[in-house]
Every structure is written in structure tokens, then in C-alpha cells.
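K.L.:
Shown below is the structure under consideration.
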Amino acid sequence: MFYKDLQISPELQRAIAQMGFVEMTEVQYKAIPLMMAGKDVTAKAPTGTGKTCAFGVPLLERINKERKAVQAVVLAPTRELAQQIAEQLRQLAQFMPQVTVACLYGGAPIHRQAERLKKGCQIVVATPGRLLDHLKHKNLDVSQVVTVVLDEADEMLGMGFYKDVRHLIDLMKNRKNLCMFSATISREVMDIGWLYQRDAEEISVQPIQQSRPKIKQYTLQTTARNKLADVAQIILSGDFKCVMVFCNTKFTTGVLANQLARLHFQVDCLHGDLSQGDRNQIMKRLRQGEIRVLVATDIAARGIDVDDVDAVINYDVPTSNEHYTHRIGRTGRAGREGVSYLLYTSEETRRVEELLRLTRSEAIPVTWDESHTQLMEQKKEQKDKFQVRSYF
1 MFYKDLQISP ELQRAIAQMG FVEMTEVQYK AIPLMMAGKD VTAKAPTGTG KTCAFGVPLL
61 ERINKERKAV QAVVLAPTRE LAQQIAEQLR QLAQFMPQVT VACLYGGAPI HRQAERLKKG
121 CQIVVATPGR LLDHLKHKNL DVSQVVTVVL DEADEMLGMG FYKDVRHLID LMKNRKNLCM
181 FSATISREVM DIGWLYQRDA EEISVQPIQQ SRPKIKQYTL QTTARNKLAD VAQIILSGDF
241 KCVMVFCNTK FTTGVLANQL ARLHFQVDCL HGDLSQGDRN QIMKRLRQGE IRVLVATDIA
301 ARGIDVDDVD AVINYDVPTS NEHYTHRIGR TGRAGREGVS YLLYTSEETR RVEELLRLTR
361 SEAIPVTWDE SHTQLMEQKK EQKDKFQVRS YF
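1 is the number of the first residue of the sequence shown in UniProt numbering; add one for each residue after it.
Following this line, the structure appears as C-alpha cells:
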């Protein structure tokens with residue numbers, strides 16, 4: 001099923017197209033119509049299958065844009081996940097200036113979040129503990145909340161938030177819908193369902209082993225100064241014929257493509273500002289083998305039909321766990337084996353650990369050998385003690 005076939009507002013359709021989403025994932029085409037109809041939903045689906053859009057699209061479609069009252073609450077187990085959800089909801093609402101999303105989490109000044117809430121918002125994304133803090137200080141009113149979503153419900157309820165989540169749901173007395181998205185249906189998830197859901201629709205999206213791509217994943221700790229050398233050396237040492245390199249911004253995409261071109265790579269870049277004609281021409285050259293390296297933003301992670309991508313390199317750590325899954329999914333297609341590399345700095349270590357855990361990815365840490373020409377599995381005692389050859 002395709003997003004263009006959904007009966008949703010033109011503003012939401014425009015945002016979805018801008019984000020590069022074309023075809024719905026299984027959890028999306030199963031959950032979106034049910035949530036738009038106001039049903040309670042319990043969805044079991046692996047992380048990285050597009051759950052944020054599965055609940056984000058119906059949330060935004062059903063929001064009363066004229067009222068600044070909080071109408072939907074999304075609870076997440078960690079601040080990182082809450083930030084990712086809020087960012088994706090803002091992208092979905094980019095052509096809805098009346099709709100605002102607030103993100104509440106611990107570790108940030110509560111008074112700044114309180115000031116943000118005073119300006120009004122329709123959607124709140126929060127961790128349970130910080131949401132309780134704001135309610136105790138009467139920083140927001142949840143009396144008009146219609147829909148509550150629990151994302152990564154099994155993890156959140158298993159982290160000791162069970163009582164907090166129950167208390168929060170009890171406070172939202174006018175709630176009409178409760179939807180839970182979870183990788184597994186634990187006893188705690190079932191308990192919440194029995195207590196608060198009515199005639200819930202159950203969705204189950206099972207990973208299909210036969211069609212799962214065979215992708216060997218690696219992580220490489222580096223520095224901002226050495227990233228370019230790392231990317232170039234990875235491509236050369238692997239003797240890859242077709243590589244996709246992902247960046248988080250169109251600016252970085254253009255800069256990196258120019259740098260690789262100066263190193264005599266056959267390279268081009270793809271981002272959202274290009275016309276459809278330019279995009280089609282780039283993809284044609286890629287399929288014909290005229291381009292060896294395609295540097296792209298996440299808009300290119302979806303809807304690209306290329307079966308012979310040898311490797312994917314994450315030049316930037318993706319801002320969303322789902323983006324990571326879609327990025328590496330560009331390789332290992334059509335029964336082929338693929339390889340992916342995730343570059344990160346020491347400051348991003350915690351974020352990478354979180355990403356790999358939430359996407360249930362098994363990635364092998366690697367480092368350069370003494371000649372700085374071949375990657376090898378990193379021994380624990382060698383961690384953080386290697387350097388990367390620079391071209392400059």
C-alpha cells in the first residue's frame with residue numbers, strides 16, 4: 001500500500017512525500033487505518049519497522065489544529081527515543097504551522113520545558129518520570145488528552161515504569177484511545193491492555209527470516225578530522241563497486257561528495273532539494289555503474305530500487321533508529337550479502353550503544369591494522385588506541 005492512497009490531509013501528504021516515504025511498511029498499513037478510526041491498538045512489531053509513522057500519521061490527522069490544548073501523549077522509555085519520536089512528528093507536521101510538539105525528558109532544565117508548555121501544544125512526547133514531574137508542578141493540563149501511545153511498551157514497563165505509566169493513564173480521565181507498540185508482548189504489556197484497552201485490535205508483524213537481508217554490520221570509532229579518510233579507505237580496502245554513504249544534512253552531503261570527487265572517486269549526491277528529473281538522472285547513472293559512490297540524506301534511504309549496493313557507510317550517526325534500519329537495508333538485497341559501517345566519535349558512544357540495542361543489531365567493532373589499510377576486529381584492550389591515516 002502507498003501513502004498517496006491514504007485519505008489524509010494535503011499537508012500531511014506533502015510532508016510524507018518530502019520525507020521520502022512512498023510505500024507503507026506492514027505495521028503502518030495495518031495500524032494507521034485502525035488508529036484513524038479511533039480504535040485501541042496493540043501492535044507487536046520489530047524495532048525499525050516504521051512504528052513512529054504508524055502512530056504519528058493518525059495522531060496528526062486527528063488533532064484539532066484550532067485548539068492549543070494537549071490532545072495526545074506519547075510515552076517513551078528513554079530520552080533518546082523521546083527526542084527521536086518528537087523530531088519525526090515535527091517533520092510530519094512541517095506543513096501544519098498550527099500544530100506543535102513538545103518533548104519532555106529528564107536531564108534537561110525543567111523550567112525551560114515549563115516555559116515551552118506555557119506557549120501551548122497539541123502533542124506531548126515524554127518519558128514517564130519527567131511527565132509526572134510536570135504534572136506535579138501543574139505545568140500542563142492533560143484533561144483534554146484523547147489518545148495515549150506507549151512506544152517500546154515492553155521495555156518501558158519492564159524498566160520499573162509500570163506504576164508510573166498506570167498513574168499517568170489514570171490522570172488522563174477523558175482518554176478515548178490507548179495504543180501500544182512493542183517488540184514483544186510481555187506480561188506487563190498484557191496487564192496494561194486488560195486494564196485500560198477496550199476491544200483492542202491486535203497487530204503482529206513477524207520478521208520473515210527468508211527475506212531478511214544478510215548484512216554484516218561494523219562500527220568504527222573515529223574523529224571528525226579523520227572521517228573522510230575513513231570513508232575513502234573503507235571503499236578502497238573493500239574494493240566495492242557500489243557504495244551508499246549516508247549523512248544527516250544536505251550540507252554535509254554536498255561537502256562530502258565534493259571531497260570524495262577531489263580524491264578521484266566517481267561520486268554524486270542525492271538530497272531533498274533536487275528536482276525529480278535530477279534524481280532520476282542520478283539513479284540512472286548509479287544503475288549503469290557510472291557512479292561508484294552515492295552520498296545521500298535519509299530521503300534516499302526509502303524508495304530506491306537498486307539491488308547491487310555492496311556496502312552502506314553511515315558517515316553520520318542517524319538521528320532515528322528507523323533511519324539506521326532503512327539505511328543499511330539498501331544493501332544485502334535480492335539474496336545478496338551486504339556490509340555496513342557505522343562511523344562515530346567518542347562523544348557519540350552512548351548514542352550508538354542505544355541505537356544498536358533498540359534496533360537489536362549485532363555490530364562488530366573494528367579498527368585499522370598497523371598499515372592503516374585493512375580493518376580488523378577490535379580487541380578490547382586496543383579500544384580507543386588506534387589512529388586512522390589521513391590523506392592531508
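From the three backbone atoms N, C-alpha and C, an ideal C-beta is built for every residue, glycine too.
Give, in chain order, every unbroken run of the alpha helix (DSSP H) that is at least 4 residues long and sits entirely within the region 145 to 212.
P.N.:
153 to 156, 162 to 171, 187 to 196
K.L.:
In the DSSP assignment, the alpha helix (DSSP H) including Phe-55 goes from what residue to what residue?
P.N.:
51 to 62
K.L.:
If the criterion is Cβ atoms closer than 7 Å, does the pair Leu-34 and Val-41 meet it?
P.N.:
yes
K.L.:
What is the DSSP secondary structure of Asn-139, counted as helix, strand or coil?
P.N.:
coil
K.L.:
So, at 8 Å on beta carbons, what are the nonlocal neighbours of His-137 in its own chain, with the 5 sequence-adjacent residues on each side left out?
P.N.:
Ile-110, Ala-114
K.L.:
In angstroms, rounded to a whole number, what distance separates the CA positions of Asn-139 and Ile-364?
P.N.:
45 Å
K.L.:
With DSSP as the reference, identify every bridge partner of Leu-343, one or two as the case may be.
P.N.:
Leu-220
K.L.:
Tell me which residues share the same chain as Ala-200 and place their Cβ nearer than 7 Å to its Cβ, disregarding the 5 neighbours each side in the sequence.
P.N.:
Answer for Ala-200: Asp-40, Val-41, Thr-42, Gly-193, listed in chain order.
K.L.:
Contact between the region 185 to 192 and the region 140 to 158 is defined here as three or more beta-carbon pairs at a separation below 8 Å; is this criterion met?
P.N.:
yes
K.L.:
For Ser-211, which residues from the same chain have a beta carbon less than 7 Å from its beta carbon, with the 5 sequence-adjacent residues on both sides left out?
P.N.:
Any answer about Ser-211 is weak, because its pLDDT of 44 lies below 50 and its placement is not dependable; what the coordinates show is given next. So no residue of the chain qualifies.
K.L.:
To test your reading of the DSSP string, which unbroken beta strand (DSSP E) runs of 3 or more residues are found completely within the region 220 to 250?
P.N.:
243 to 246
K.L.:
Is Pro-365 helix, strand or coil when you go by DSSP?
P.N.:
The DSSP-derived three-state label of Pro-365 is strand.
K.L.:
My guess is that Met-36 and Glu-66 are in contact by the Cβ rule of under 8 Å, so how many angstroms apart are they, rounded?
P.N.:
No, Met-36 and Glu-66 are not in contact; Cβ-Cβ is about 19 Å, not under 8 Å.
K.L.:
Let me check one thing: in DSSP terms, what residues is Met-376 bridge-paired to?
P.N.:
Thr-367
K.L.:
Beta carbon of Arg-116, beta carbon of Val-145: below 7 Å?
P.N.:
no
K.L.:
What does the Cβ neighbour count give for His-323, buried or exposed, with the cut at 16 atoms within 10 Å?
P.N.:
buried
K.L.:
Is the shortest distance between the beta-carbon of Glu-354 and the beta-carbons of chain B less than 7 Å?
P.N.:
Included in the structure is just one protein chain, with no chain B present.
K.L.:
Count the other C-beta atoms from every protein chain shown that fall within 10 angstroms of the C-beta of Asp-141, then say buried if there are 16 or more, exposed otherwise.
P.N.:
Exposed, because fewer than 16 other Cβ atoms sit within 10 Å of the Cβ of Asp-141.
K.L.:
Apart from the five residues on each side of it in sequence, which residues of its chain come closer than 7 Å, Cβ to Cβ, to Gln-209?
P.N.:
Because Gln-209 sits at a pLDDT of 47, beneath the cut-off of 50, its placement in the model cannot be relied upon, and the following sentence gives the value as read from the coordinates. Excluding sequence neighbours, Gln-209 sits near nothing in its chain.
K.L.:
Using the DSSP secondary-structure output, state which residues sit across from Glu-23 in a beta bridge.
P.N.:
Phe-2
K.L.:
What residues in its chain sit with their C-beta under 6 Å from that of Val-267, if we drop five residues either side in the sequence?
P.N.:
Ala-257, Leu-260, Ala-261, Val-293
K.L.:
Grab me the residues of Ser-340's own chain with a C-beta within less than 6 Å of its C-beta, minus the 5 sequence neighbours each way, in chain order.
P.N.:
Ile-215, Gln-217, Val-312, Ile-328
K.L.:
Select from Val-255, Thr-253, Lys-119, Thr-319 the residue whose C-alpha is nearest the C-alpha of Leu-351.
P.N.:
Looking at the sequence itself, residue 351 is Arg, so the reference to Leu does not match. Out of Val-255, Thr-253, Lys-119, Thr-319, Thr-319 has the C-alpha closest to the C-alpha of Arg-351.
K.L.:
Quick check on Arg-389: buried or exposed, where buried means 16 or more other Cβ atoms within 10 Å of its Cβ?
P.N.:
With a pLDDT of 36 at Arg-389, under the threshold of 50, the modelled position of this residue cannot be trusted, and the question is left open.
K.L.:
By DSSP, does Ala-296 sit in helix, in strand, or in coil?
P.N.:
In the three-state DSSP reduction, Ala-296 falls in the strand class (E or B).
K.L.:
Using the three-state DSSP reduction, which class does Val-124 fall into: helix, strand or coil?
P.N.:
Assignment of Val-124 by DSSP, reduced to helix, strand and coil, places it in the strand class.
K.L.:
Enumerated in chain order, which unbroken segments of the beta strand (DSSP E) with a length of 3 residues or greater are wholly contained in the region 77 to 137?
P.N.:
If we require 3 residues or more, the beta strand (DSSP E) runs fully inside the region 77 to 137 come out as 101 to 104, 123 to 126.
K.L.:
Once you ignore the five residues that flank Phe-240 on each side, which residues in its own chain have a CB closer than 6 Å to its CB?
P.N.:
Asp-310, Ala-311
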